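**Q**
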Amino acid sequence: MAQASAPMAAATPARDLGRDLAGLALILAAGLAGYWLFPDNLSFLTRLISVALLVLSLDLIVGYCGIASLGQAALYGAGAYAAGIACLNGVTEPFLLILIGAAAGAVTGLLMGTVMLRAHGLPQLVLSIAIVQLLHEAANKAAWLTGGSDGLAGMVPAPLFGLFEFDLWGRAAYLFGLGLLVAVFVALKLLVRSPFGMVCRGLKEDPLRVSALGISAFPVLLRMFVISGAVAGMGGALGAISTQVVGLDSVSFELSANALVMLVLGGLGNLYGALIGTVVFMAVEHVVAAIDPFHWMTLVGALLIAIVLFAPRGLSGTLDEAARILARRPRRAGP
Amino acid sequence: MNPAAASPVFAVAHLSKSFGGLKVNHDVSIAMAPGERLALIGPNGAGKTTFVNLVTGRIRPSAGTVRLGDEDITRLGAVARVRRGLVRTFQVTRLFPDMTPEEHVVMAILQRQGRATRILARFHGAGAAADEAADILATLGLTEVARRKVVEIAYGQQRLLEIAIAMAQRPKVLLLDEPAAGVPSTDTPLIERALERLPASLAVLMIEHDMDLVFRFARRVTVLAAGELIFQGLPADVARDDRVREAYLGSYAHAGR
Ligand SMILES: Nc1ncnc2c1ncn2[C@@H]1O[C@H](COP(=O)(O)OP(=O)(O)OP(=O)(O)O)[C@@H](O)[C@H]1O
Ligand SMILES: [Mg+2]
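Respectively, the protein sequence lines represent chains S and H.
According to this note's numbering, the first sequence is numbered sequentially starting from 2.
According to this note's numbering, the second sequence is numbered sequentially starting from 3.
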C-alpha cells in the first residue's frame, strides 16, 4: 500500500464540475460539427440522438443500479407510440409531444419496475424480455390504435417555436434533438450526483450495506425506473417527430438488445459511455451496412469481443484510463 | 445479577435457529439496559454472528422474540429495525468498493437526517454533513484516506470504516461483530477511542476474540458456546468458570487437529 503518496484519485466536487463542463462542451461541439459536416445525413443523426436517449436511459438502470435489462425498448416504444398517436390526433406542438412521450415512458417504467423488481438476477432479465415481447405483441394486435404491423405514419408536427418547419432536410429536427439531448444529459449528471444517485450506486455495489444503513431499495429503484422510462420515452417521441413514422421495431427485443450492446461497447455507469457507444455502433452500422449489408453485424461482433476482452470498462473507460496515464506521465518523468 | 432486567432497551428472549440439524442458536436470551457495555464471546462457530443476523432481521429465527424499547420487532424487516435504532457492523466488511470512506459516512448521516434519497440536492458539498463526517473519520484515524476508494485502502482501515459508519447512524443499540479482527494491533487504540466517544446512553454489544479489549471495554460478559449461553456475569469471573474453560479448551482441541 502506497499510503505515503498524497490522496489523489477520488473525485473532488470542483474537479467533477470542470470535467462535466468540458464533457458538455465536447458533446455540443460534436453535435454542431455533425450539423456542418454531414448536412445530407441529418435524419440519420437525429435517429442517432433518439437512440442515444434510449441508451442513456438504459445506463441509469444497468450502469447505476446494476439491474440487467433486455427490454428497455418497451419504454422507448411507449414514448414513440404515445407521441405518434397524439400527433395524429391533433397535438402537434413538438415540446408537448416530447412531454407526452416522457409521461408514457414514465408510466411504462413504473409498471415495468414494479414487475421486474420482484425478481433478481437471471429471472429479472427474463422478465424484461417478456415485457418488451408482450408490448410488441400488444402493439401488433391493437391495429386500430397503433397501425399494427404497418405502424403509424403521416405525423406532421407543428413548426418549432412556430417558426422552423420539420422539413425534408431535418435541420430543425436535428437541432431540436441536440438541444434535448444536452438538456437531458445535464439533468442526468445532476441526478447521478444527487444523494439519490449515490444510493443507486450503493445498491449496485452492495445492497446489504444499503439496507444496513436503513435505506429501502425498492422505492429507490422504482423511482429510477420511472426516470429511466421518461428519458427513453423522450427518445421515442423524438424518433416519432423526426422520422414521422412509428413502427413495431421501436418496441422490439432487437432494439433492446442493440441498446445493451451499445452501452457495453461505450462503457457502463458514466453516461459518456452511453453516448460514445451509440455513436460508434450506429456509425459502423450506417457506413458498413451501406457497403455490405450482410456483414456489418460481424464487424460489430468482432468489435464487441475485442472490447470485452481487452477493455472491459468499455470505450469510455479506456479513454479515461488513457487520459489518466497521460496526465500522470509528466510527474513521473520529474526528478 | 442482570442490571438490564429492570427497563431494557434491547431484549432478546428464547431465540433459536437451526441450519439443517445444527442448532446454531438455542434458547438464547440477552437483555441490555441503556448505556450498557456488554461483550459476547465464544469459540469460533459458536453462533455469535448468527445471533446478530437473527436479531437484525437478516435471517428469521425459528423461535423467540426480539424487543427494542417497548416494541416487539420480531416481525419487522431488516431496514425497519435499523430505522428504529438497531445498528450492526459486519465481521466481514460490507462496503461499497468504488466509494470513498467520506461518501460512506456522509450517506449514513444523510439517511439519519431523512435526506439520503433526495433527487434535487447535491451529495457532495453538503456542508454540515461533510463536517460531521470529517470529525468521525478523524476519530478513527481515517482522515488520510477519506477520499480514496475503499478498494485502495488497507483492510484494517476498512474495518475502522465499519465503525465510523455505525457512529454516523447514531443508533440506540449497537452490535459490533469483531471490530478489532483484522485491525493491526497498533490501531486498536483507535477503536477504543471511538468506543469511548459513543454516547453514554447507547447500549453496545461487542463480539470480540481479543480478550484485552473485552476486559477494558465490557462491564458484563456473556459466553456463547455451540449455540447456547453458558455464562453471564462479570469479566473477572469468566476465566474462572468451568464450563467456559471447557468450551474453549474443546474448541482449541478441535482446532489443533
Ligand atoms: N447460512 C448458514 N447456513 C448454514 N450454516 C451456517 C450459516 N451461517 C452460519 N452457519 C454455521 O453456523 C455456525 C455458527 O456460525 P457463526 O458465524 O454464527 O459463528 P461465530 O460464533 O460468529 O464464529 P466466528 O467466531 O468464527 O465468527 C457455524 O457452524 C457455521 O458454519
Ligand atoms: Mg462471527
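Every residue gets a Cβ at the ideal spot worked out from N, C-alpha and C, and that includes glycine.
Note that this is a predicted model, so its numbers are computed, not measured.
1) Taking A197(S) as part of the alpha helix (DSSP H), name the residues at either end of that continuous run.
2) Would you report the Cα separation of A7(S) and G237(S), rounded to the nearest angstrom?
3) So, are the CB atoms of M235(S) and V185(S) less than 8 Å apart?
4) For L139(H), return the contacting residues in chain S, with the cut-off set at a CB-CB distance below 9 Å.
5) So is A249(H) buried or exposed if we call it buried at 16+ other beta carbons inside 10 Å?
6) Within the 8 Å Cβ cut-off, does R117(H) reach chain S?
7) Using the Cα positions of L24(H) and L42(H), report the straight-line distance between them to the nearest angstrom.
8) In whole angstroms, give me the CA-to-CA distance for I50(S) and L182(S).
9) Please report the Cβ distance between A205(H) and V26(H), rounded to the nearest whole angstrom; I am assuming they are in contact, meaning their Cβ atoms lie under 8 Å.
10) Got a sec? Which residues, its chain only, sit under 7 Å from I167(H) by beta carbon, not counting five neighbours each side?
11) Show which residues of chain H have a CB atom less than 7 Å away from the CB atom of F197(S).
12) With 8 Å set as the bound, which would you pick, yes or no: does the beta-carbon of A183(H) sit closer than that to a beta-carbon of chain S?
13) Just verifying my parser: in three-state terms, what is the DSSP assignment at Q4(S)?
14) Cβ of Q93(H) versus every heavy atom of ligand 2: is any distance shorter than 7 Å?
15) Starting from R39(H) and walking both ways along the alpha helix (DSSP H), at which residues does that stretch end?
16) Within 10 angstroms of its Cβ, does K142(S) collect 16 or more other Cβ (buried), or is it exposed?
17) Quick check on K25(H): does DSSP put it in helix, strand or coil?
18) In angstroms, rounded to a whole number, what distance separates the CA positions of K19(H) and L261(S)?
19) If you run the structure through DSSP and keep just helix, strand and coil, what is H296(S)?
20) Anything in chain H within Cβ reach of S229(S), meaning under 7 Å, just list it in chain order.
21) Smallest Cα separation from F177(S): which of A323(S), L46(S), R314(S), L18(S)?
22) In three-state terms, what does DSSP make of T67(H)?
23) Residues of chain S with CB closer than 9 Å to the CB of A110(H), please, in chain order.
24) Taking F186(S) as part of the beta strand (DSSP E), name the residues at either end of that continuous run.
25) So which residues of chain S does E105(H) contact, with C-beta pairs closer than 8 Å?
26) Kindly indicate the opening and closing residues of the alpha helix (DSSP H) around F226(S).
27) Compute the beta-carbon to beta-carbon distance between L204(S) and A218(S), rounded to the nearest angstrom, for a pair I have assumed lies under 8 Å.
28) May I have the straight-line CA-CA distance separating L122(H) from S195(S), to the nearest angstrom?
29) Would the beta-carbon of V127(S) be found less than 7 Å away from any heavy atom of ligand 1?
30) Quick check: is the beta carbon of G203(S) nearer than 8 Å to any beta carbon in chain H?
31) State the beta-bridge partners of A15(H) as determined by DSSP.
32) Take L98(S) and list the residues in its own chain whose beta-carbon comes closer than 8 Å to its own, dropping the five residues that flank it on each side.
33) Please list, in chain order, all residues of the same chain as V265(S) whose beta carbon is under 8 Å from its beta carbon, the five residues on each side excluded.
34) If contact means a Cβ-Cβ distance below 8 Å, which residues of the region 89 to 101 of chain H contact chain S?
35) Is it the case that the Cβ atoms of R77(H) and T58(H) are separated by a distance below 8 Å?
36) Among all residues, which have a Cβ less than 5 Å from at least one non-hydrogen atom of ligand 1, and in what chain order do they fall?
**A** The relevant details are as follows:
1) Numbered from its first residue, the first sequence carries residue 197(S) at position 196. Residue 197(S) is actually Phe in this sequence, not Ala. Looking at the DSSP string, the run of the alpha helix (DSSP H) that includes F197(S) is 196 to 206.
2) Numbered from 1 along the first sequence, position 6 holds the residue referred to as residue 7(S). Numbered from 1 along the first sequence, position 236 holds the residue referred to as residue 237(S). Confidence at A7(S) is low in this model, with a pLDDT of 39, below 50, so the placement of that residue is unreliable and no value is reported for it.
3) Reading the first sequence from its first residue, position 234 is the one you call residue 235(S). Reading the first sequence from its first residue, position 184 is the one you call residue 185(S). Taking 8 Å as the Cβ cut-off, M235(S) and V185(S) qualify as a contacting pair.
4) The count along the second sequence starts at 1 and reaches residue 139(H) at position 137. Result: empty, since nearest Cβ-Cβ is about 12 Å, beyond 9 Å.
5) Counting from 1 along the second sequence, the entry for residue 249(H) is found at position 247. By the 10 Å Cβ count, A249(H) comes out buried.
6) Taking the second sequence and counting its residues from 1, the one referred to as residue 117(H) is at position 115. R117(H) counts as touching chain S.
7) Stepping through the second sequence from its first residue, residue 24(H) is reached at position 22. Stepping through the second sequence from its first residue, residue 42(H) is reached at position 40. When rounded, the distance between both Cα atoms is 20 Å.
8) As a working mapping, residue 50(S) is identified with position 49 in the first sequence. As a working mapping, residue 182(S) is identified with position 181 in the first sequence. Approximately 7 Å, taken between the alpha carbons.
9) In the second sequence, residue 205(H) corresponds to position 203, counting from 1. In the second sequence, residue 26(H) corresponds to position 24, counting from 1. Going by Cβ atoms, the distance from A205(H) to V26(H) rounds to 24 Å, so no, they are not a contact pair.
10) Residue numbering aside, residue 167(H) sits at position 165 when the second sequence is read from its first letter. Same-chain partners within the cutoff: H106, V107, A110.
11) Stepping through the first sequence from its first residue, residue 197(S) is reached at position 196. Within chain H, the residues near F197(S) are T119, R120, I121.
12) As a first step, residue 183(H) is located in the second sequence; it is residue number 181 there, counting from the start. By this cut-off, A183(H) is not an interface position.
13) By one-based count along the first sequence, residue 4(S) stands at place 3. Its pLDDT being 38, under 50, Q4(S) is placed unreliably by the model, and nothing is read from it.
14) By 1-based counting over the second sequence, the position of residue 93(H) is 91. Yes, the beta carbon of Q93(H) sits closer than 7 Å to at least one heavy atom of ligand 2.
15) Counted from its first residue, the second sequence places residue 39(H) at position 37. No alpha helix (DSSP H) holds R39(H); the beta strand (DSSP E) holding it covers 39 to 43.
16) If you number the first sequence from 1, residue 142(S) lands on position 141. The residue is exposed, with fewer than 16 neighbouring Cβ atoms inside 10 Å.
17) Position 23 of the second sequence holds residue 25(H). Residue state, collapsed to three classes: strand.
18) Translated into positions along the second sequence, residue 19(H) becomes position 17. Translated into positions along the first sequence, residue 261(S) becomes position 260. Each residue's Cα considered, the two are about 44 Å apart.
19) The sequence position of residue 296(S) within the first sequence is 295, counting from 1. In this structure, H296(S) counts as coil in the three-state DSSP scheme.
20) One-based indexing of the first sequence puts residue 229(S) at position 228. None at all; the shortest Cβ gap to chain H is about 13 Å.
21) For this step, residue 177(S) is matched to residue 176 along the first sequence. For the residues A323(S), L46(S), R314(S), L18(S), the minimum Cα distance to F177(S) belongs to L46(S).
22) Position 65 of the second sequence holds residue 67(H). Looking at T67(H) - three-state DSSP - the assignment turns out to be strand.
23) Mapped onto the second sequence, residue 110(H) falls at position 108. Neighbours of A110(H) on chain S, chain order: L214, G215.
24) If you number the first sequence from 1, residue 186(S) lands on position 185. Here F186(S) belongs to no beta strand (DSSP E); instead the alpha helix (DSSP H) covers 172 to 193.
25) For the purposes of this step, residue 105(H) is taken as residue 103 along the second sequence, with counting starting at 1. Within 8 Å Cβ-Cβ: M199.
26) Within the first sequence, numbered from 1, the residue matching residue 226(S) stands at position 225. Residues 218 to 244.
27) Taking the first residue of the first sequence as 1, we reach residue 204(S) at position 203. Taking the first residue of the first sequence as 1, we reach residue 218(S) at position 217. Indeed, because the Cβ distance is near 5 Å, the residues count as touching under 8 Å.
28) As a first step, residue 122(H) must be located in the second sequence, where it is residue number 120. As a first step, residue 195(S) must be located in the first sequence, where it is residue number 194. Using only the alpha carbons, I get a separation of about 7 Å.
29) The count along the first sequence starts at 1 and reaches residue 127(S) at position 126. The answer is no for V127(S).
30) To locate residue 203(S), count along the first sequence from 1; it is residue 202. True, the Cβ-Cβ gap to chain H drops below 8 Å.
31) In the second sequence, residue 15(H) corresponds to position 13, counting from 1. According to DSSP, A15(H) bridges with T67(H).
32) Looking up residue 98(S) in the first sequence gives position 97. The residues are A84, A87, C88, V92, P158, A238, A241, I242.
33) Start at 1 with the first residue of the first sequence, and residue 265(S) comes out as number 264. Only G278, L305, I308, V309, G315 meet the Cβ criterion.
34) V89, R90, F92, R96, L97, F98, P99, D100, M101
35) Within the second sequence, numbered from 1, the residue matching residue 77(H) stands at position 75. Within the second sequence, numbered from 1, the residue matching residue 58(H) stands at position 56. No. Outside cutoff.
36) F21(H), V26(H), N46(H), G47(H), A48(H), G49(H), K50(H), T51(H), T52(H)
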